[in-house]
Amino acid sequence: MEYYWTHLLWILWSVMPGFHVCFNIDTRNHRIIKGPRQTQFGYTVQQHVAGGQKWLLVGAPLETNGQHQTGDVYKCPLSRKSGGPSCTKLNLGRISLTNVSERKDKMRLGMTLSSNPKDNSFVACGPLWSYECGSSYYSTGICSRVNASFKFSRTIAPAFQRCETYMDIVIVLDGSNSIYPWNEVQDFLINILRKFYVGPGQIQVGVLQYGEKVVSEFQLNDFRSVEDVVKAARKIDQRGGEETNTALGISVARSEAFKQGGRRGAKKVMIVITDGESHDSADLQQVIEDSEKDGITRYAIAVLGYYNRRGINPEAFLNEIKYIASDPDDKHFFNVTDEAALKDIVDALGERIFSLEGTSKNGTAFGLQMSQAGFSTHVVEDGILVGAVGAYDWNGAVLKETRQGKVVPLKSSYEQEFPEELKNHGAYLGYTVTSVVSARSGQLYVAGAPRFNHTGKVIIFTLKNTGELTILHSLKGQQIGSYYGSEIAPVDLDDDGVTDNLLVAAPMFFSGGWEKGKVYIYRVTEQPRFILEGSLEILDQGQNARFGSALAPVPDLNGDSFNDVVIGAPLEDDHKGAIYIYHSQRNRILRKYKQRIGAIQLAPGLQYFGRSIHGKMDMNGDDLVDIAVGSLGAAVLLWSRSVVRIHAIVRFEPSKINIFNKDCRRGGKDVTCMSAIVCLNITARTPIRDSQEIAISYNAFFEEKRFNPRAVFDDPDHQQPQNLTLLPGEEKCDHIFFHVMETTDYARPIIFTVETELLELDQGPVLDDSWPTTVKTQLPFWNGCDEDDHCVPDLVLQSKTDLMNRKQFCAQAFRAGSLLCQSQTPAEPSERIIEGSRKRMVVDVRLENRGENAYGAQLNITNSPNLRFSSLIVKDNSEIHIDCRSDNRRKYEKSCNISAPFMRAKSQVTFRLEFEFSHSVLLDHVRIMLEVTSEGEEVVLHDNINNIFYTLKYEADLLFTRDFYPTRFELKPDLSLEEPSDFNPPFNFTFQIQNLGYFPIQDLQLYIAIPEVTKNGNQLLQIKDFHIDQEGGSHCIPPQHVAHSRASPEDLSRTSRLNYSNTLTVPVQCTVNLPSYRDVSVRIGGSLRTDALHALKFKTLELVTTASVELNPSSPMFLPEERPVRHIVLEIRKEEDYRVPIWIIIGSTLGGLLLLSLLILALWKAEKA
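Using mature numbering (1 follows the signal peptide of the UniProt record, and there is no 0), the letters of the sequence shown map in sequence onto residues -22 to -1, 1 to 1147.
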C-alpha cells in the first residue's frame, strides 16, 4: 500500500479581524477634490480619458453662469503634477440654441453625465432646460455632447418641438391715398402686433406698404421683441399713391419678404389689408397660385370705408379679397365698414392665426412639452438613449438621438405596461435608462419607472430608429414608495460581453423602521428571461441609508476573474454616507459585502458620500481599477491596492521519521535529527510592479498539545517570527533543524505549521483573503513495512455465540418435558432456542493479524433489526484498542477502528460483542455480519468475514390464570321460597394471561366455552357483560348466544357436572397480542336463571367453563405445554324440602283426637268399674 502522508497540506481559512470591512480599496491614502458645495459639486462623477490624459468629470447642477443658475460640468486632471487649478469649469451652461426663446435658469446641467470611451466624448444634460412658447414655458430638457477636446460638439434635444407660434408673418399694408385716416390703420397694426409672441423660436414680423410701388418698412429678422416691433410700427408713415397694386404687394411679399430673414420650418402667414380693388388684378391669379405653392396662409381684410363714403357697391371688391384669402373664407376673410372699425377684428384675427398650431406627424407635440428629457442618459451603439420622465403627463418615455435624427416612440407604445387609467400616478418612466446584452437577442434597452402604481416598474424593450418600441418584459416592485427602478445597472460578471445580472435598486425600501434600501438581483437567461434570484441588503445597520442610490458595476477588483459591484448609501451615518463593495464568484454576486467604506473613515465634513459612483479605469498609473465617488461639494478618488498571495511550501529531510534510527543526541538522549526546508514566494492576483518590495513575516512551530512534545527545534530562536522581504515571483528558503524524541505515539503524524502575514498593512499590497495564511504539513512516521511502503496484512476473524441449540435447551431438566422437546421433528442445524428470560446475546470474537501492519484496520458490524448493538469489550487487558462509532442514518451498522492507525503485525485480540434483543421487533431469524478490512493489500479475504445466521424459536413464558365470584350458589327447595333479591343471582368470570417473558407474543388464540343451555333447552345462565383489555390490538369475537329456552322439568340427578360436552355452550374466541411484561384480562359477567334451575332435578350441580390457549403453528414462538387449559367450576346446591303435606297434618290431627277420645272413654269406664 502506498502510504499517503507525503506532503499533505491542510488549508485553513485565515481568521483576521476586519476582513469583511476592509479589503483592497485603500481608505488611508486617497484624494479628495473639493468644489463649491452650493453648486452641488459632486452630484455626478465620471472617469474620463481625453487628449491622452486622465480626467474626472464632476457635475455641479446648481452652478451659475452669468446671471443664471444653469449648472455645469468640471474637468479635473488626475496627473500627479502639482500646481494650477485642480478643476476647470467647462462653461457648458453658456451654450444656447439658436432661434429659441430659452430659459436656462435652474436647468440643472450636469445632473446627468455619460461618457463614451469609444471616441472619448461625453454627454451632459440639463433636464429642466425650458423655452418659451407663447405665454408658456416648456421644460423639454437639453443635452450637450462634448468631444475629446472638451469642445461643444452638438446639442441633443430629442423632446424639443418647435412652438405653435413658430411663424414668419408678413403684413402687406395698403398705403394708397384712399386709406383714411392713416392713424386708424396704424393703431390696428400696433394692436395686432401686440398680440404676437415675437422672439427667437416664435413669431417674426415683417411689414410691406404698397400703393403704386412696394416698400419694405422692416424685414422679418429686424426685431426680436414685441416692444421693438411696435416701436418701429409707430414710425411707419403713409406712402400714398394713386393706384392700388395689390398683386404686386403680394408678389413682393412672397418672393422677397419671406426670404429676407425667413426661417426654415416656420409657418408662413401673410396678412393683406386694403380698401379697394387692385389695379393689377390681372396678375392676382398667378400670384395666389405661387403663394399656395409656397405654403403661405393668407388672411385678407377688406376696408369698406372708401366704398361707404361714396356709396359704391363693394361686391366686386369683396369677391377679389375673398379670392386673395386662403380657404375657407370664414376663417381667413374679414371686412370692416371703415378704417376705425379695424380695431374690432384684432382679437378675432389673432385667435385665427394662433389656431394654426403646429402638430407633429405622430401626435406627440403636447405630450413631450414637459418631458424633462435628459433626466437619464445611456450611450448605445448608434446614439444616445434619453430618459424623459415628464413626457405624456409624467408617465414618462424613452427617446433616442441618432446621427440621423431623433427617435420618438408613440404614446401608444407604452399602453401595454402603462395603462391610461394609471396615468395620474406619474410613473416617471425614464428615471434611469441602460441596456443589457442577451446571448440570443443582442442589445436590449432597459428603463425604470419608480413611481408606477406607487411600487415601481422596470421595462425591457427594443426601439427601432423608425420609432417602433416593443416592450418584451416588465419587472415590478414589491413595496409602496420604495422607488423601485430609480437605479438600474447591468452586470457582466465574467466579462464575456453578455449580461449576467440586472440590478434594480429600491433605495427607499422600508425595513425594520428605517429607510434602508434594497437592490434586487435578476439573472438574465439566454431566451432572455429575467429571473429574480436574490437581493442585496444591509442588515447590520439600523439607520436610514438609501442603499442603492447609486449602482456601479466595476471591473474585477480582487483578481478572481469576476467583475464586481459598488453600491452607494448616501444617508448612512447621519447623511455622511457610505459605499459597499460586493465581489462575485462563479457568475454570482456574493450576498455579503466585502468592504464598507464610510465617509467618516476618509475625512471630516464629507456629506452624501456615495450619491454617485463610477469605476472603470486606472486613475493613478498603477494598472489597478480605481473608484470615483461623489459627495456634497467633493469628489473622492479611492485607489485600489494590489492583491497578493503568500505561498509557503515545506519539505522534510528525510521525508519520514524513522524512530528506529537514533542518529544524534540532544539533552543527553538519543534522538532522531531532521530538518524542515520552508520556501516562501509571492504571486500577485492583480497587477503589481515587478520592483515592488513586499515585507512579510512567517512563524513556524509544531502543533504538539502535550506537556512533552515529540518534536523540538534545535534553535529556540526559530520559535520567534522571522521577517524577510520578497519581490513578486521571488522565492526564499530557510532550513530549520529539529529533532524527534523517543515516543510511543508514532501512529499520529507530527504537524509542522507555518503562519504568514504582511508586515505593512497600511500601504502596499493586501493579502487575498481567499488564500490560506496558515499551512500545516504532516510529517509521518515510517510505517514499519517493506521498503516499498506497501503493507500486506493477513487478518483472520473467528467468532461464536452463546445461543443454545435444541439439544442444549432440552438437556435442562426442567425443560425436558416441554412440547418442543417432545417433538419428533428433527431440528435444523441453524436452529437456536431463545429462552423466555433471555434479553441479549453474546458473540465472542477473536481477531488475529498474521501478516504485516494493518493500517486503517476496521471492523464493520451489521445486524438484523431484531438486535441492538450494546457494547464491545476487549478481553485479556490487550494493548489493542477498538473504538466504535455509529451512524444515525444506518442504525443497524457500526464501524470500529482497530488500534488506529494500524494493528501491529503478528498481534491478536479477543473481544466480546453484546447485542440486546428488541422487544418490539420479533423475527424468526437473527443475522450478524462481521467484516474486518484494512488499507493493506490482503491476499486471502474469505477469513475476513463471519456471517452469523440462525433461525430462532422463542420460548413463551406465559402465566394463564382464572378467577371467579361467587364460587357456589344455594337454591331454596322451591321457587316460591326464594327471596326477590335472590332471583337471577350474578356471577363474574375472569381469565388473565400474563407475558412474563422479554419477547412480545403475537396472535395468541384464546378459546372459552361457557355452558348455557341444557340438552332439554333449559337456560342455565345469561351473559350480560363481556370485556377484553385493549392491549396491543387484542380483540374477541363477541359471544353468540343460544336461543332463549323455556323452564321445564328435567332430571339431572345422575349428572353432577355440566360442561361443553353435555350442554349447549357459548363459544368465545379471542386473539391476544401481548407485549413483554404486559397482561390481558377477559371478563365475563351475567346471571343464573333461577327459574330454569328450579325446574331441574338435582342436589348438587357443577357448571364448568373451559378456557384454553394456543399459538399459530407458523409462529416462531412455542408454549411449554401443548394447549394450556383452565376451568372455572361454579357449584350449585339445592336445599332439602322438609315441609309436611296438609292432608298428613289433618289426618294426624284427626287420628290423635280419635285416640284421645278412646283413652278418655277407656279411663272413664275403668273409673266407673
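We put the CB at the ideal spot given by N, CA and C, even for glycine.
Query: Three or more C-beta pairs below 8 Å linking the stretch 831 to 843 and the stretch 890 to 906; Result: yes
Query: C-alpha distance - Ser338 paired with Ser117, whole-angstrom precision; Result: Unreliable placement is indicated for Ser338, whose pLDDT of 38 sits below 50; the coordinate value is still reported in the next sentence. Approximately 18 Å between the Cα atoms of the pair.
Query: Simplified DSSP assignment, three categories, for Pro989; Result: strand
Query: Close Cβ partners of Thr721 (< 8 Å) along its chain, the five nearest in sequence each way excluded; Result: Ile637, Arg688
Query: Collapsed DSSP secondary structure at Ile634 in the structure displayed; Result: Residue 634 is actually Lys in this sequence, not Ile. Lys634: coil per DSSP, three-state reduction.
Query: Rounded distance between the beta-carbons of Met652 and His717, thought under 8 Å; Result: 7 Å
Query: Cβ-Cβ separation, Leu584 to residue 1154 (assumed contact under 8 Å), whole Å; Result: The requested residue 1154 is not part of the displayed model; the chain covers only -22 to 1147.
Query: Distance, Gly179 Cα to Arg217 Cα; Result: 32 Å
Query: Secondary structure, alpha helix (DSSP H): runs of 4+ residues fully inside the stretch 184 to 263; Result: 204 to 212, 224 to 230
Query: Per-residue DSSP class, three states only, for Cys874; Result: strand
Query: N-terminal and C-terminal residue of the beta strand (DSSP E) that Ser527 is part of; Result: Segment: none, Ser527 is in no beta strand (DSSP E) and carries neither H nor E.
Query: Selected residue, minimal CA-CA separation from Arg15, among Ile926, Phe587, Val1107; Result: Phe587
Query: Phe19 versus Pro706: straight-line alpha-carbon distance, rounded; Result: 41 Å
Query: Status (buried if at least 16 other CB within 10 Å, exposed otherwise) for Glu293; Result: exposed
Query: Inter-residue Cα distance where the pair is Gly273 and Lys237; Result: 13 Å
Query: Rounded C-alpha distance that separates Val324 from Val183; Result: 16 Å
Query: Cβ shell of Ser796 (< 7 Å), same chain only, five flanking positions each side left out; Result: Pro1098
Query: Distance between Gly576 and Asn340 (C-alpha atoms, nearest Å); Result: For Asn340, the predicted model reports a pLDDT of 39, less than 50, meaning its position is unreliable and no value from the coordinates is stated.
Query: Three-state secondary structure assigned by DSSP to Asn659; Result: strand
Query: Cβ pair Arg663, Asp746 closer than 8 Å; Result: yes
Query: Pro944 versus Ala934, Thr968, Pro951, residue with shortest Cα-Cα distance; Result: Thr968
Query: Residues of its chain near Ile449, where Cβ-Cβ distance is below 8 Å and the 5 sequence neighbours each way are ignored; Result: Ser391, Tyr392, Gln394, Glu395, Ile437, Ile438, Phe439
Query: Under the three-state DSSP convention, the category Val904 falls into; Result: strand
Query: 8 Å contact criterion, which Phe540 and Leu471 should meet: CB distance rounded; Result: 5 Å
Query: Exposure of Ile880, with buried meaning 16 or more beta-carbon neighbours within 10 Å; Result: One detail in the question is off: residue 880 reads as Phe in this sequence, not Ile. So Phe880 counts as buried.
Query: Beta-bridge partners of Ser609, as assigned by DSSP; Result: Ala612
Query: Where the alpha helix (DSSP H) containing Phe947 begins and where it ends; Result: Segment 946 to 949 is the beta strand (DSSP E) holding Phe947; no alpha helix (DSSP H) there.
Query: Ile591 beta carbon less than 8 Å from that of Val544; Result: yes
Query: Extent of the continuous beta strand (DSSP E) to which His592 belongs; Result: 590 to 592
Query: Rounded straight-line distance, which links the Cα of Tyr175 to that of Tyr301; Result: 28 Å
Query: The alpha helix (DSSP H) enclosing Cys1048, as first and last residue numbers; Result: No alpha helix (DSSP H) holds Cys1048; the beta strand (DSSP E) holding it covers 1042 to 1052.
Query: Counterpart residues of Glu379 in DSSP-defined beta bridges; Result: Ile362, Lys384
Query: Length at least 4, wholly inside the stretch 269 to 333: the alpha helix (DSSP H) runs in chain order; Result: 283 to 288, 293 to 302, 307 to 310, 324 to 332
Query: N-terminal and C-terminal residue of the alpha helix (DSSP H) that Lys173 is part of; Result: 160 to 173
Query: Endpoints, the alpha helix (DSSP H) within which Gly408 is located; Result: Per DSSP, Gly408 belongs to no alpha helix (DSSP H) and is neither H nor E.
Query: For Glu493: DSSP bridge partner residues; Result: Phe488
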